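To start, the structure itself, in structure tokens.
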Amino acid sequence: LFNLNDGDMNDSQTVFEYLGHELTVRCANDLICARTLYVQCCSLPISSRRSMQRFYQGIEQACQQLDCTLLKTTTTTISSSLFSSLCTSLCDRELIILNNTNHPIINEGDLLIALRCSSSTVNTQGYIQLKDLFQKKNIHLNDTVPFRTVDGEEESFFSLLLQKSSILAPSLSKTIAELIKNRTIKAVRYLKDIGLARMIESLLGSLSSTLNVELNGQQWPVMPPLFTWIYQHSGFSQDEMLEYFNCGVDY
Numbered sequence: 003l004f005n006l007n008d009g010d011m012n013d014s015q016t017v018f019e020y021l022g023h024e025l026t027v028r029c030a031n032d033l034i035c036a037r038t039l040y041v042q043c044c045s046l047p048i049s050s051r052r053s054m055q056r057f058y059q060g061i062e063q064a065c066q067q068l069d070c071t072l073l074k075t076t077t078t079t080i081s082s083s084l085f086s087s088l089c090t091s092l093c094d095r096e097l098i099i100l101n102n103t104n105h106p107i108i109n110e111g112d113l114l115i116a117l118r119c120s121s122s123t124v125n126t127q128g129y130i131q132l133k134d135l136f137q138k139k140n141i142h143l144n145d146t147v148p149f150r151t152v153d154g155e156e157e158s159f160f161s162l163l164l165q166k167s168s169i170l171a172p173s174l175s176k177t178i179a180e181l182i183k184n185r186t187i188k189a190v191r192y193l194k195d196i197g198l199a200r201m202i203e204s205l206l207g208s209l210s211s212t213l214n215v216e217l218n219g220q221q222w223p224v225m226p227p228l229f230t231w232i233y234q235h236s237g238f239s240q241d242e243m244l245e246y247f248n249c250g251v252d253y
């Protein structure tokens with residue numbers, strides 16, 4: 003029995019249904035097994051019943067898609083925003099991912115596979131870099147993006163960045179769990195905070211000083227338009243893009 007919690011959603015000023023979704027997914031997506039969500043702290047700067055309903059709707063819908071049981075929520079109304087949730091999971095000991103700094107199991111010749119489940123979801127560190135870029139370029143959230151999205155439609159930066167984090171389908175979670183059990187998969191990481199390169203470093207753990215990961219650019223799919231635009235206008239090198247951003251990769 004173990005827990006994961008996520009309290010990184012402070013002072014968030016976005017749509018409340020989106021907030022409920024993100025609060026749930028960014029916590030529960032780290033666990034690939036039976037999950038139970040407990041929203042232990044939720045303080046909102048609003049008293050609107052409609053806004054609260056939309057917030058809970060986002061939580062409930064995400065839990066349904068995650069096949070995650072929602073136990074309890076506690077809310078209060080204050081002058082600022084604070085969101086915190088706790089996701090508890092129960093699984094067989096052999097399903098716990100073995101790779102860690104104390105018992106590394108990554109070996110030379112292992113294959114690293116990236117799953118791209120969403121097109122423009124940005125990791126936490128990426129949002130920090132994106133905010134700085136917007137300030138330097140005097141870009142506002144309501145401005146229309148200067149590129150066509152994956153759907154080929156025009157939209158604002160605000161609506162583009164409000165795309166909900168993708169959810170690992172329960173059927174795929176079960177498949178991954180079976181592959182972990184028979185040791186076909188040695189480790190899994192969900193990119194929500196750090197960039198792709200730093201995630202790889204954490205995956206290698208203590209082996210990062212002796213092993214390197216080779217990314218084959220010939221087989222790498224085209225990055226989502228948002229990340230291509232960031233690369234063209236930020237001045238970041240390719241290495242910096244991989245360090246700061248998830249570049250369209252979720253797992």
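Reading the sequence shown from the start, the letters are residues 3 to 253 in my numbering.
Every residue gets a Cβ at the ideal spot worked out from N, C-alpha and C, and that includes glycine.
Computed from a predicted model, the values in this text were never measured in an experiment.
Euclidean distance between Cα positions of residue i and residue j
i	j	result
N101	I169	Residue confidence for N101 is low, a pLDDT of 45 falling below 50, so the modelled location carries little weight; the figure read from the coordinates is stated next. Computed Cα separation, rounded: 23 Å.
C66	T212	Checking the sequence shown, residue 66 turns out to be Gln, not Cys. Taking the straight line joining both Cα atoms gives about 42 Å.
K194	N248	8 Å
I61	H23	5 Å
T103	Q63	Bear in mind that the predicted position of T103 carries a pLDDT of just 46, short of 50, making it unreliable; the figure below should be weighed with that in mind. Taking the straight line joining both Cα atoms gives about 36 Å.
L206	S53	43 Å
S239	Y233	7 Å
M11	L25	Only weak support is given to the placement of M11: the predicted model assigns it a pLDDT of 44, under 50, and the question is left unresolved by the model.
Q165	E157	12 Å
L135	E155	23 Å
D150	F18	According to the sequence displayed, residue 150 carries Arg and not Asp. Approximately 27 Å between the Cα atoms of the pair.
M225	N184	32 Å
I178	T186	9 Å
V147	L117	25 Å
T71	I182	23 Å
K176	L68	12 Å
W231	Q221	21 Å
G111	P227	32 Å
H142	S210	39 Å
Q55	S208	46 Å
Q59	L73	14 Å
K133	E180	40 Å
Of the residues the options, the one placed nearest residue i, counting alpha carbons only
i	options	result
N144	L132, L162, E24	L162
S167	P227, C70, V27	V27
F159	K194, P172, N140, S175	N140
Q131	Y246, L25, H235, V190	Y246
L174	S239, Y253, L73	Y253
Q137	S236, T71, L198	S236
Y192	F238, G111, T123, L72	T123
A171	A30, E19, L25	A30
G197	G128, W231, D69	G128
V215	P148, L164, L244, A179	L244
F229	G111, E242, K176	E242
M201	T126, N184, W231, K183	T126
A199	G250, T71, Q59	G250
Contact check, residue i vs residue j, beta carbons under 8 Å
i	j	result
K188	I115	no
L113	F57	no
* **Continuous alpha helix (DSSP H) assignments of at least 4 residues falling wholly in the stretch 187-250** => 198-206, 227-236, 240-246
* Pick out the complete alpha helix (DSSP H) segments inside the stretch 111-187, 4 residues or longer, and give them in chain order. => 126-139, 159-163, 172-183
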